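As C-alpha cells, the structure follows; a few thoughts come after it.
2 protein chains.
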Amino acid sequence: MTDAHASPDGNRPAPLYDVSVRTPTHAERARTMAQQVSVGTLCTLALEPKGHPYGSLVTTAFDAGQPVFLISELAEHTRNLRQDRRASLLVAESVASDPLANARVTLVGQAHPVEEASLSQARGAYLARHPDAAYYADFKDFGFWVLEVESIRYIGGYGRMSWVRAEDWLRADPDPIAADAPGIITHMNEDHADALPLYCRAFSKAEDTTAATMTSVDRYGFEMSAITALGPRPIRLAFPTPISSKTDARKALVALLHEARAKLGIVPK
Amino acid sequence: MTDAHASPDGNRPAPLYDVSVRTPTHAERARTMAQQVSVGTLCTLALEPKGHPYGSLVTTAFDAGQPVFLISELAEHTRNLRQDRRASLLVAESVASDPLANARVTLVGQAHPVEEASLSQARGAYLARHPDAAYYADFKDFGFWVLEVESIRYIGGYGRMSWVRAEDWLRADPDPIAADAPGIITHMNEDHADALPLYCRAFSKAEDTTAATMTSVDRYGFEMSAITALGPRPIRLAFPTPISSKTDARKALVALLHEARAKLGIVPK
Numbered sequence: 009m010t011d012a013h014a015s016p017d018g019n020r021p022a023p024l025y026d027v028s029v030r031t032p033t034h035a036e037r038a039r040t041m042a043q044q045v046s047v048g049t050l051c052t053l054a055l056e057p058k059g060h061p062y063g064s065l066v067t068t069a070f071d072a073g074q075p076v077f078l079i080s081e082l083a084e085h086t087r088n089l090r091q092d093r094r095a096s097l098l099v100a101e102s103v104a105s106d107p108l109a110n111a112r113v114t115l116v117g118q119a120h121p122v123e124e125a126s127l128s129q130a131r132g133a134y135l136a137r138h139p140d141a142a143y144y145a146d147f148k149d150f151g152f153w154v155l156e157v158e159s160i161r162y163i164g165g166y167g168r169m170s171w172v173r174a175e176d177w178l179r180a181d182p183d184p185i186a187a188d189a190p191g192i193i194t195h196m197n198e199d200h201a202d203a204l205p206l207y208c209r210a211f212s213k214a215e216d217t218t219a220a221t222m223t224s225v226d227r228y229g230f231e232m233s234a235i236t237a238l239g240p241r242p243i244r245l246a247f248p249t250p251i252s253s254k255t256d257a258r259k260a261l262v263a264l265l266h267e268a269r270a271k272l273g274i275v276p277k
Numbered sequence: 009m010t011d012a013h014a015s016p017d018g019n020r021p022a023p024l025y026d027v028s029v030r031t032p033t034h035a036e037r038a039r040t041m042a043q044q045v046s047v048g049t050l051c052t053l054a055l056e057p058k059g060h061p062y063g064s065l066v067t068t069a070f071d072a073g074q075p076v077f078l079i080s081e082l083a084e085h086t087r088n089l090r091q092d093r094r095a096s097l098l099v100a101e102s103v104a105s106d107p108l109a110n111a112r113v114t115l116v117g118q119a120h121p122v123e124e125a126s127l128s129q130a131r132g133a134y135l136a137r138h139p140d141a142a143y144y145a146d147f148k149d150f151g152f153w154v155l156e157v158e159s160i161r162y163i164g165g166y167g168r169m170s171w172v173r174a175e176d177w178l179r180a181d182p183d184p185i186a187a188d189a190p191g192i193i194t195h196m197n198e199d200h201a202d203a204l205p206l207y208c209r210a211f212s213k214a215e216d217t218t219a220a221t222m223t224s225v226d227r228y229g230f231e232m233s234a235i236t237a238l239g240p241r242p243i244r245l246a247f248p249t250p251i252s253s254k255t256d257a258r259k260a261l262v263a264l265l266h267e268a269r270a271k272l273g274i275v276p277k
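Note that the protein sequences, when read in sequence, are chains F and L.
Okay, so the first sequence: first residue is 9 according to the working numbering, each after it adds one.
Okay, so the second sequence: first residue is 9 according to the working numbering, each after it adds one.
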C-alpha cells in the first residue's frame with residue numbers, strides 16, 4: 009500500500025487529520041472507477057503464435073461487477089477465447105493528464121459466452137451502456153460474453169495499489185455519489201470556499217488553515233487541500249454516516265459547517 | 009480488408025473517384041497513429057496464475073517503430089517479463105467518440121531490457137515523449153525495456169483491418185503531416201470551402217457536387233465528403249507527388265485549384 013519507489017527523502021510530515029476515518033476500500037474504489045468506464049483492453053492467449061499474450065480493444069459494461077462484452081466470432085479475441093478462456097481486462101480512468109496518476113484495474117478471470125439464464129440481464133447491462141450496439145447485437149456472429157472475475161489488481165495512481173479478492177470486488181458497491189462528485193466539488197470550491205477552512209480548523213490539526221480546496225468527495229467523507237503555515241496539506245474528514253445522494257451530501261456539509269462554527273465560536277454574518 | 013460483418017444490404021454504390029490513387033498503407037496508418045499515442049496496454053503472462061494473460065497500463069514511446077518503456081522491477085508486468093518475455097502492446101487513438109471507430113494496433117513480440125548499445129537512443133526517444141519521467145528514470149528499480157515487434161494487428165475502425173508484417177511496420181514512416189492535418193482540414197473547411205466542390209467536379213465523377221467537406225489529409229492526398237444529388241459521397245484525390253510539410257500541402261492544394269478552375273472553365277473573380 010505504500011510507495012515502494014519512495015524517494016530517498018522518506019520523511020513525510022505527520023498527517024494533520026485522523027487517518028482512521030472511514031475511507032473507500034480498494035475494492036470500492038476499483039468498482040467505482042470501473043463502473044464509469046466503457047472501454048478496456050482484453051488480454052487473451054493467441055492462437056498464433058500459440059499462447060502469446062494478445063491485447064485488443066473492447067467495449068464493456070458491468071453486470072454486478074462482472075464485465076460483459078458483445079464480441080464477434082470473427083474477431084481475434086473471440087477466436088482466442090474459443091481455444092483458451094483465460095483472460096484479463098484492463099480498464100483505466102482518464103481523469104488526470106499524467107496517465108500514471110490515473111486509477112486502473114486489471115480483472116483476471118475466465119471468459120465464456122453468457123449462459124441463457126443470464127442473457128437478458130447481461131444484454132440489458134451492456135445495451136444500457138452502449139445503446140448504439142443494439143443494431144448489431146443480433147447479428148449472427150456477435151454474442152455476449154462475460155469475464156468471471158477471479159482476482160483483481162487495483163492501482164489507484166502513484167503508490168496506491170493492492171490485490172483485491174474477487175469476493176470483495178463482487179460485494180463492493182460502486183460509490184453512489186461518484187457521478188455527482190465533480191459537481192459537488194465545483195460547487196463547494198466556487199460557492200462555499202469560506203466553509204472549507206472552517207472544516208479544517210475545527211475538525212483537524214490544521215488549525216492555522218487560511219484557505220482550502222475540496223479535492224474529492226465519496227460516500228464516507230471528503231478531502232481537502234488546506235493551505236497552512238507549512239504549505240498545502242491534505243485533510244480528510246468523515247461524514248457522520250455514509251451518504252447516498254447529492255442531497256445527503258448537501259445536508260451533511262451544511263450540518264458540519266454549523267458544527268464547525270459552533271466549535272470555533274464563529275457567529276455567522 | 010472488407011467488413012465481414014456487412015449488413016444484409018451489401019450493395020454499396022460504385023465509388024465516384026479513382027480508387028487506385030495512392031493511399032497510406034496499413035503499416036503507414038498504424039505507424040502514424042502509434043506515433044501520436046503515449047500510453048498503451050502491455051499484455052504479459054502472469055506468474056500467478058502462471059501463464060494467465062495479464063494487462064497493465066504503460067507509458068510508451070517509439071524508437072524507430074519499436075515501443076520503449078520505462079518500467080520498475082517492482083511492477084507486475086516487469087516481474088512477468090523477467091520470467092517470460094512474450095508480450096504485446098495495444099495502443100489506440102481516442103479521436104472518435106465511438107471507441108470502435110478509433111484506430112488501434114496490437115504489436116506482438118518479445119520484450120527485453122534495452123541493451124547498453126541502444127540505451128542512449130531509447131532513453132532519448134522515451135524522455136522526449138515523457139519529459140516528466142526524467143526524475144525517476146535513474147531510480148535503481150527502473151529500467152528501459154523494448155518490445156521487439158514481430159507482427160502487428162491493425163484495426164483502422166469499422167471494417168478496415170489487417171495483419172501487418174514486422175518488416176513493413178519497421179520500414180513505414182509515420183505520416184509527416186499528421187500533426188498538421190487537423191489544422192489543414194479546419195483551414196480548408198472554414199476558409200476555402202468554395203474550392204472543395206471544384207476539386208470534386210474537376211477530378212472525380214461527382215460532377216454535380218454542390219458542396220464538400222475535407223475529412224482527411226495525408227502525404228499522398230486528401231479525402232472529402234461531397235454533397236451530390238444522391239447524397240454525401242466520399243471522394244479521395246491524390247497530390248501529384250507525396251508532400252512532407254504544411255507548406256507542401258498549401259502549394260499542392262493551390263495548384264490543384266488552378267487546375268480545377270482551368271478544367272471547369274471557371275475564371276476566378
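Backbone N, C-alpha and C define an ideal beta-carbon position, used for all residues, glycine too.
All values reported here derive from a predicted model rather than from experimental measurement.
To the nearest angstrom, how far is it from the Cα of residue i to the Cα of residue j?
{"i": "F/GLN91", "j": "L/GLY59", "result": "15 Å"}
{"i": "F/GLN44", "j": "F/GLY164", "result": "15 Å"}
{"i": "F/ASP202", "j": "F/ILE243", "result": "16 Å"}
{"i": "L/ASN197", "j": "F/GLY132", "result": "41 Å"}
{"i": "L/SER15", "j": "F/PRO250", "result": "Per-residue confidence for L/SER15 stands at a pLDDT of 45, beneath the threshold of 50, marking its modelled position as unreliable; no derived number is given."}
{"i": "F/THR236", "j": "F/VAL275", "result": "23 Å"}
{"i": "F/PRO240", "j": "F/LEU206", "result": "15 Å"}
{"i": "F/ILE193", "j": "L/HIS120", "result": "44 Å"}
{"i": "F/GLU175", "j": "L/ILE79", "result": "30 Å"}
{"i": "F/SER64", "j": "L/PRO139", "result": "28 Å"}
{"i": "L/ASP26", "j": "L/ALA104", "result": "27 Å"}
{"i": "L/SER170", "j": "L/TYR162", "result": "5 Å"}
{"i": "L/ALA219", "j": "L/LEU204", "result": "7 Å"}
{"i": "L/ILE141", "j": "L/MET232", "result": "The displayed chain sequence assigns Ala, not Ile, to residue 141 of chain L. The straight-line gap from Cα to Cα measures roughly 40 Å."}
{"i": "L/TYR134", "j": "F/LEU264", "result": "48 Å"}
{"i": "L/LEU89", "j": "L/ALA189", "result": "38 Å"}
{"i": "L/ALA130", "j": "F/ALA109", "result": "23 Å"}
{"i": "F/ALA82", "j": "L/GLU215", "result": "Sequence check: residue 82 of chain F is Leu here, not Ala. Whole-angstrom Cα-Cα distance: 39 Å."}
{"i": "L/TYR166", "j": "L/THR114", "result": "16 Å"}
Which one of the options has the shortest CA to CA distance from residue i?
{"i": "L/SER102", "options": "L/ARG94, L/ALA95, L/ARG112, L/ARG93", "result": "L/ARG112"}
{"i": "L/ASP199", "options": "L/ARG258, L/TRP171, L/PHE211, L/LYS148", "result": "L/ARG258"}
{"i": "L/LEU155", "options": "L/THR68, L/GLU36, L/PHE230", "result": "L/THR68"}
{"i": "F/PHE247", "options": "F/ALA260, F/GLU124, F/THR236, F/LYS254", "result": "F/ALA260"}
{"i": "F/PHE152", "options": "F/GLN74, F/ARG20, F/LYS213", "result": "F/GLN74"}
{"i": "F/LEU24", "options": "F/ALA109, F/ALA119, F/LEU238", "result": "F/LEU238"}
{"i": "L/GLU84", "options": "L/ASP140, L/ARG137, L/LEU53", "result": "L/LEU53"}
{"i": "L/ARG187", "options": "L/GLY273, L/ALA42, L/ILE79, L/ASP149", "result": "Checking the sequence, you will find Ala at residue 187 of chain L rather than Arg. The residue with the shortest Cα to Cα distance from L/ALA187 is L/ALA42."}
{"i": "L/ARG179", "options": "L/ASP71, L/GLY63, L/VAL27", "result": "L/ASP71"}
{"i": "L/ASP149", "options": "L/VAL275, L/THR86, L/ASP256, L/THR221", "result": "L/THR86"}
{"i": "F/PRO107", "options": "L/ALA104, L/HIS120, L/ALA210, L/ARG137", "result": "L/ARG137"}
{"i": "F/THR221", "options": "F/LYS213, F/TYR134, F/ALA141, F/CYS208", "result": "F/CYS208"}
{"i": "L/ILE160", "options": "F/ARG161, F/ALA263, F/PRO61", "result": "F/PRO61"}
{"i": "L/SER252", "options": "L/LEU204, L/ALA145, L/PRO184, L/LEU264", "result": "L/PRO184"}
{"i": "L/VAL99", "options": "L/LEU50, L/GLU124, L/TYR166", "result": "L/LEU50"}
{"i": "F/ASP226", "options": "F/LYS254, F/LEU82, F/ALA109", "result": "F/LYS254"}
For residue i, count neighbouring Cβ atoms within 10 angstroms of its own Cβ and tell me buried if that reaches 16, exposed if not.
{"i": "L/SER128", "result": "exposed"}
{"i": "F/GLY48", "result": "buried"}
{"i": "L/TRP177", "result": "buried"}
{"i": "F/PRO32", "result": "buried"}
{"i": "L/GLY191", "result": "exposed"}
{"i": "L/ARG20", "result": "exposed"}
{"i": "F/LEU272", "result": "exposed"}
{"i": "F/ALA268", "result": "buried"}
{"i": "F/ASP146", "result": "exposed"}
{"i": "L/LEU97", "result": "buried"}
{"i": "L/ALA270", "result": "exposed"}
For the putative contact between residue i and residue j, defined by C-beta atoms under 8 Å, what is the C-beta separation to the nearest angstrom?
{"i": "L/TYR29", "j": "L/GLY229", "result": "Note that residue 29 of chain L is Val in the sequence shown, not Tyr. That belief holds up - the Cβ atoms of L/VAL29 and L/GLY229 are roughly 6 Å apart, short of 8 Å."}
{"i": "L/VAL116", "j": "L/VAL76", "result": "Not confirmed; about 16 Å, so no contact."}
{"i": "L/ALA234", "j": "L/THR223", "result": "Contact doesn't hold; Cβ gap of about 10 Å is too wide."}
{"i": "L/GLU39", "j": "L/ASP181", "result": "At residue 39 of chain L the sequence reads Arg, which differs from the Glu that was named. Contact holds; Cβ gap of about 7 Å."}
{"i": "F/GLU158", "j": "F/GLN118", "result": "7 Å"}
{"i": "F/VAL172", "j": "F/HIS266", "result": "Not really, about 38 Å apart at Cβ, beyond 8 Å."}
If you measure from the CB of residue i, is any heavy atom of the ligand MG nearer than 6 Å?
{"i": "L/PHE152", "result": "Among the components of this structure there are no ligands whatsoever, and the ligand MG is therefore not found."}
* To do: Taking a Cβ distance cut-off of 7 Å, strictly less, list which residues of the region 222-246 of chain L are near chain F, in chain order.
  => If the cut-off is 7 Å between Cβ atoms, the region 222-246 of chain L has nothing near chain F.
* In the region 29-53 of chain L, which residues sit with their C-beta less than 7 Å from some C-beta in chain F, listed in chain order? -> Answer set for the region 29-53 of chain L: VAL47, THR49, CYS51, THR52, LEU53.
* Asked: Which residues, in order along the region 108-121 of chain L, keep a beta-carbon less than 7 Å from a beta-carbon of chain F?
  -> Of all residues in the region 108-121 of chain L, only LEU108, ARG112, THR114, VAL116 come within less than 7 Å of chain F when Cβ atoms are compared, listed by chain position.
* Contact list for the region 144-177 of chain L against chain F, Cβ threshold 9 Å -> Across the region 144-177 of chain L, CB contacts with chain F closer than 9 Å involve TYR144, PHE147, ASP149, PHE150, GLU158, SER159, ARG161, ILE163, in sequence order along the chain.
* **Cβ-based contacts, 8 Å cut-off: residues of the region 51-76 of chain L near chain F** => Residues CYS51, THR52, LEU53, ALA54, PRO57, GLY59, HIS60, PRO61, TYR62, GLY63, SER64, LEU65, THR67.
* To do: Quick one: which residues of the region 80-93 of chain F get their C-beta closer than 8 Å to a C-beta of chain L? List them in chain order.
  => Under the 8 Å Cβ criterion, the region 80-93 of chain F contributes SER80, LEU82, GLU84.
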